[in-house]
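Read in order, the letters of the sequence shown correspond to residues 4 to 254 in our numbering.
Idealized CB from N, CA, C, for every residue including glycine.
What you are looking at is a predicted structure, and each value in this text was computed from that prediction instead of being measured.
As structure tokens, the structure follows; a few thoughts come after it.
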Amino acid sequence: MPTYSTSRRVPGLPREEVAQLAGMSVNYYTRIEQGESHQLSDSVLEAIANALRLDESERMHLLRLAWPAQRAKRETEPGPEQVRESLLAIVESSVDHAAVILGRRTDLLGGNRLGFALFGVDPDARPNLTKRMFLDPAMRDLVVDWEHQATNSAAYLRMTVGEQVDDPLMAELVGELSIESPEFAWIWAAHPVAECSHSVREFDHPLVGRLTLNEENLRMPDVPGQHILFFGAAPGSPSAERLRLLDSLVS
Numbered sequence: 004m005p006t007y008s009t010s011r012r013v014p015g016l017p018r019e020e021v022a023q024l025a026g027m028s029v030n031y032y033t034r035i036e037q038g039e040s041h042q043l044s045d046s047v048l049e050a051i052a053n054a055l056r057l058d059e060s061e062r063m064h065l066l067r068l069a070w071p072a073q074r075a076k077r078e079t080e081p082g083p084e085q086v087r088e089s090l091l092a093i094v095e096s097s098v099d100h101a102a103v104i105l106g107r108r109t110d111l112l113g114g115n116r117l118g119f120a121l122f123g124v125d126p127d128a129r130p131n132l133t134k135r136m137f138l139d140p141a142m143r144d145l146v147v148d149w150e151h152q153a154t155n156s157a158a159y160l161r162m163t164v165g166e167q168v169d170d171p172l173m174a175e176l177v178g179e180l181s182i183e184s185p186e187f188a189w190i191w192a193a194h195p196v197a198e199c200s201h202s203v204r205e206f207d208h209p210l211v212g213r214l215t216l217n218e219e220n221l222r223m224p225d226v227p228g229q230h231i232l233f234f235g236a237a238p239g240s241p242s243a244e245r246l247r248l249l250d251s252l253v254s
């Protein structure tokens, strides 16, 4: 069995080593990598995922890329996204949590009063939160640990790209961010992928100060790409008091 040097010109496993760990020929793996092999079996995809030591989010990203039937192919540019009125009503009625509804390209499609106040956005403008994260200087002041959260933002966007590889507006968004933000271009080149289903977020809000909030990311299974972000504070905590203060200031 051949061995490989630990001195590598590029980060990550070389093609030959991935093929060896996955139990396939280098030629076959090369064809897969270059998109020349189709109808890959689950066992082949699992072998590649194991060889690359992918986590669960990265495995799902690999499967989405490999299964053309799951891709939302579009012959024309997709129109504006819409939110179900019933869903919007539920989110708008939430009073103890900040909530925003994001579309498949992380455009802000709706939310409640606290959600708009937390991010300081005009809901009628339908801002893109990934663009704001990287291109709006105010976000660097608002988001504590900006570098980590910006990486998560790019990683989540890359995961959604796998679900809509033929969306021209998504390609336009990634291109614009890559040109306008060196930080985004650097992170994107590292190919991070993350589901970002829940986390603890901290904000330095200009109106109420430091907020420590639990974030939950709920995806809408019947509307591909749409998801709701809920932000709530621990009951009785200083952040809960400040969240109530923020709500009173913008009511």
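{"Check": "Got a sec, what are the start and stop residues for the beta strand (DSSP E) Asp207 sits in?", "Outcome": "His201 to His208"}
{"Check": "Could you pull the start and end residues of the beta strand (DSSP E) that Leu105 belongs to?", "Outcome": "Ala101 to Leu105"}
{"Check": "Would you kindly work out how many angstroms separate the C-alpha atoms of Glu49 and Pro224, rounded to a whole number?", "Outcome": "24 Å"}
{"Check": "On the CB-based measure, 16 or more other CB atoms within 10 Å of its CB, does Gly239 come out buried or exposed?", "Outcome": "exposed"}
{"Check": "Per the contact definition of three or more C-beta pairs closer than 8 Å, is the region 157-169 in contact with the region 186-202?", "Outcome": "yes"}
{"Check": "Is the beta carbon of His208 sitting closer than 9 Å to the one on Leu121?", "Outcome": "yes"}
{"Check": "Is the beta carbon of Arg116 sitting closer than 9 Å to the one on Glu88?", "Outcome": "no"}
{"Check": "Considering Asn217, what are the terminal residues of the beta strand (DSSP E) in which it resides?", "Outcome": "Gly212 to Arg222"}
{"Check": "DSSP has Gly113 in a bridge; who is on the other side?", "Outcome": "Ile104"}
{"Check": "Per DSSP, which residues does Ile231 bridge with? Please list them.", "Outcome": "Ile104 and Leu221"}
{"Check": "Taking the alpha helix (DSSP H) that Glu84 falls in, what are its first and last residues?", "Outcome": "Careful: Glu84 lies outside any alpha helix (DSSP H) and carries neither H nor E."}
{"Check": "Let's test the definition: count the other Cβ atoms within 10 Å of the Cβ of Ala236 and tell me whether it reaches 16, buried, or not, exposed.", "Outcome": "buried"}
{"Check": "Give the secondary structure of Leu124 by DSSP, where H, G and I count as helix, E and B as strand, and everything else as coil.", "Outcome": "Residue identity check: residue 124 is Val in the sequence provided, not Leu. In the structure shown, Val124 sits in coil (DSSP, three-state: anything other than H, G, I, E or B)."}
{"Check": "Please return the same chain residues whose Cβ sits closer than 6 Å to the Cβ of Ala25, not counting the five positions on each side in sequence.", "Outcome": "Ala50, Ile51 and Ala54"}
{"Check": "Using C-beta distances below 6 Å, list every residue in its chain close to Asp110, excluding the 5 sequence neighbours before and after it, in chain order.", "Outcome": "Arg129 and Asn131"}
{"Check": "Determine the extent of the alpha helix (DSSP H) in which Arg143 is found, giving its start and end residues.", "Outcome": "Pro140 to Leu145"}
{"Check": "Are Glu36 and Arg56 touching if we call contact CB-CB under 9 Å?", "Outcome": "no"}
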